[in-house]
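Here's the structure, in structure tokens; my notes come after.
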Amino acid sequence: MCVSRSRGEVFERAAAPVLALPFGIQLCNGRADREAPGIDREILEFVGHRGEGDASVKHTGKLFWLLAALLSSGIDSNRLFADEKDASSPAKSAQPKRDTPAPELTESEEWHPDRIAQTEAPSQEPQSQEASQPSKPDWHYGGFFDLGYLRDFNDPSNHLFRNRGTTPRVNELDLNMAAVYLTKDAMNLSRWGMELEVQAGEDSKIFGFSATAPNLRGANWLRQLGKADVSYLAPVGKGLTVQAGIFSSLIGYDSLYAKDNFNYTRPWGADYTPYLMLGVNASYPWTEKLSATLCVISGYWHLAHANDVPSVCGQLAYKATERVTLKETLLYGPHQADTALEFWRFFSDSIAEWKRNSLTVAFEYQVGTEKVAVTGNPRALWMSSQLPVHWVVRGPWSVTVRPEFAWDRDGRWTGFAQTIKAVTTTLEYRIPYRWASTILRLEQRYDDSRGKGEGFFNDGQVQTGVIGLTPTQHLLIFGLIFTLDSH
Numbered sequence: 002m003c004v005s006r007s008r009g010e011v012f013e014r015a016a017a018p019v020l021a022l023p024f025g026i027q028l029c030n031g032r033a034d035r036e037a038p039g040i041d042r043e044i045l046e047f048v049g050h051r052g053e054g055d056a057s058v059k060h061t062g063k064l065f066w067l068l069a070a071l072l073s074s075g076i077d078s079n080r081l082f083a084d085e086k087d088a089s090s091p092a093k094s095a096q097p098k099r100d101t102p103a104p105e106l107t108e109s110e111e112w113h114p115d116r117i118a119q120t121e122a123p124s125q126e127p128q129s130q131e132a133s134q135p136s137k138p139d140w141h142y143g144g145f146f147d148l149g150y151l152r153d154f155n156d157p158s159n160h161l162f163r164n165r166g167t168t169p170r171v172n173e174l175d176l177n178m179a180a181v182y183l184t185k186d187a188m189n190l191s192r193w194g195m196e197l198e199v200q201a202g203e204d205s206k207i208f209g210f211s212a213t214a215p216n217l218r219g220a221n222w223l224r225q226l227g228k229a230d231v232s233y234l235a236p237v238g239k240g241l242t243v244q245a246g247i248f249s250s251l252i253g254y255d256s257l258y259a260k261d262n263f264n265y266t267r268p269w270g271a272d273y274t275p276y277l278m279l280g281v282n283a284s285y286p287w288t289e290k291l292s293a294t295l296c297v298i299s300g301y302w303h304l305a306h307a308n309d310v311p312s313v314c315g316q317l318a319y320k321a322t323e324r325v326t327l328k329e330t331l332l333y334g335p336h337q338a339d340t341a342l343e344f345w346r347f348f349s350d351s352i353a354e355w356k357r358n359s360l361t362v363a364f365e366y367q368v369g370t371e372k373v374a375v376t377g378n379p380r381a382l383w384m385s386s387q388l389p390v391h392w393v394v395r396g397p398w399s400v401t402v403r404p405e406f407a408w409d410r411d412g413r414w415t416g417f418a419q420t421i422k423a424v425t426t427t428l429e430y431r432i433p434y435r436w437a438s439t440i441l442r443l444e445q446r447y448d449d450s451r452g453k454g455e456g457f458f459n460d461g462q463v464q465t466g467v468i469g470l471t472p473t474q475h476l477l478i479f480g481l482i483f484t485l486d487s488h
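Under our numbering, the very last position in the sequence shown is 488; numbers go up by exactly one each time.
Set out below in structure tokens:
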């Protein structure tokens, strides 16, 4: 089911279709700007003047700390030293290592139990209604924070990772994400479920906006919400799950939250596809191997309002073998003011994942296209792909290598016509304790951009107020993530 699946969670989200106007995930200051080159300027304006909407943010900040206080007061000190909790977590928080590994768990699963939760999600691995009801509490709560330092050897004077919606700032220590959440599972004995997540940090600022469509009313405070939905497990056949609100996107292999991913930084394909969706979805496990999910959503970006016509998407998830899982997600709908069918966006996201013992290999391919409602009605095209390879070396140590590419032929996604190649290597050390976990990551990333709008910011200026560009970028990244979950 589409229910609370983080993008980054392994196979938590699925592939989906979409394509659009310059999909820069930057704010467009409430207006539709059809000129892609304006995206950099808009990013700078937003980052430089992000005090806009402070009243909303202050209000959300109070809500954030109030919820955090409530969660803290609800923690029984004796439970902190109790036996390990169940490893399945809707929020995909890292789970503690068991003292005695279960025979069926691989070394990778033993040290990365959050990945178990991802693959156990109903929409990911179809199962009967009865089998999907584990013996565990209905209610769960938790929180996490994510600190990151990205050393950019280009030394850009504006401290920006060009055209990025997550980890957007370099050469400074940033709180990229912090959140608290409360969830209730929809089960046979209690069919109603819910998710509520309040968040803050650099990664929460522009991830759900569009560079070419006006903002949704109330977007400045809505961006402080992660998942915020209600669900119902209907007694139909093997169990039909219906969910409404803001839920995890079906599109993509990676999550908005670094804690749920193998790497600290996200691939290009992830930042230019939605991390969350606003609407309603229904999922059903047809067999033990095949499940289907259908969605009706407000649009490609959940915090943008391009028009009043909804988009539709669907996903098939198939567990081919015990080791191989396949997913296909399609999205179809308009993301322009002109909603004629000829201008609707089509997007496809295909994912294959293979797991064996301590090794996980995945492949994702995205393609999107749409006609643009301007003179000549040109057709825009976007493609991206990634091949992450994750290996649990021994105990808490793991290594991930992720080659990727993205081709924005017409500049409709990144704002500039370019081809981007990147390679990211991550070393991780995980320290689980009871229902808390600390994750340390050291990451090296190399990006290469070629094309008319190629490049990344450097330390020079081509003219007053205009920062120069260079085609390559080297990053050395340090990440510290702490998670706490009541499971």
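Where a beta carbon is used, it is the ideal one built from N, C-alpha and C, also for glycine.
Note: Phe457 is bridge-paired with Thr471 in the DSSP secondary-structure output. Shortest Cα-Cα distance from Arg224 to any of Gly396, Leu304, Val310 involves Leu304. Going by C-alpha positions, Ala381 is about 44 Å away from Met188. DSSP links Arg413 through a beta bridge to no other residue.
If the five residues before and after Leu176 are omitted, its C-beta is found closer than 8 Å to the C-beta atoms of Phe146, Asp147, Leu148, Ala201, Gly202, Glu203, all from its own chain and listed in chain order.
Here the alpha carbon of Asp309 sits roughly 30 Å from the alpha carbon of Tyr182.
Between the stretch 393-406 and the stretch 421-432 there are three or more inter-stretch CB-CB distances shorter than 8 Å, so the stretches are counted as touching. When the beta-carbon positions are compared, Lys453 and Phe417 come within less than 8 Å of each other. Where Asp272 is concerned, there is no enclosing beta strand (DSSP E), although the alpha helix (DSSP H) around it starts and stops at 269-272.
For Ile247, the pairing in a beta bridge is given by DSSP as Ala229, Leu279. Note on the stretch 175-231: whole alpha helix (DSSP H) runs with a minimum of 4 residues are 220-223, in chain order.
The C-alpha of Thr288 lies about 42 Å from the C-alpha of Pro215. Three or more Cβ pairs drawn from the stretch 259-279 and the stretch 164-176 lie within less than 8 Å of each other, which places the two stretches in contact. In this structure, the CA atom of Arg410 is about 28 Å from the CA atom of Phe154.
DSSP places Ile421 in the uninterrupted beta strand (DSSP E) bounded by 419-434.
With 16 or more other Cβ atoms from the protein chains shown falling within 10 Å of its own Cβ, Arg413 counts as buried. Under the three-state reduction of DSSP output, Phe347 falls in the strand class.
The alpha-carbon separation between Val297 and Leu332 amounts to approximately 10 Å. Rounded to whole angstroms, the separation of the alpha carbons of Pro236 and Leu161 is 50 Å.
Tyr319 sits close to Lys290, with the two beta carbons spaced by under 8 Å. In this structure, the CA atom of Asn159 is about 12 Å from the CA atom of Leu470. When only Cα atoms are considered, His306 and Ser299 end up about 8 Å apart. The C-beta distance from Gly143 to Leu485 rounds to 5 Å, short enough to meet the 8 Å contact threshold. In the structure shown, the three-state DSSP call for Asp147 is strand.
In the DSSP assignment, Pro286 is bridged to Ser292. Contact between Ser385 and Gly270 holds, with the beta-carbon distance rounding to 3 Å and staying under 8 Å. Looking at Gln387, Leu327, Thr439, the one whose alpha-carbon comes closest to that of Lys260 is Thr439.
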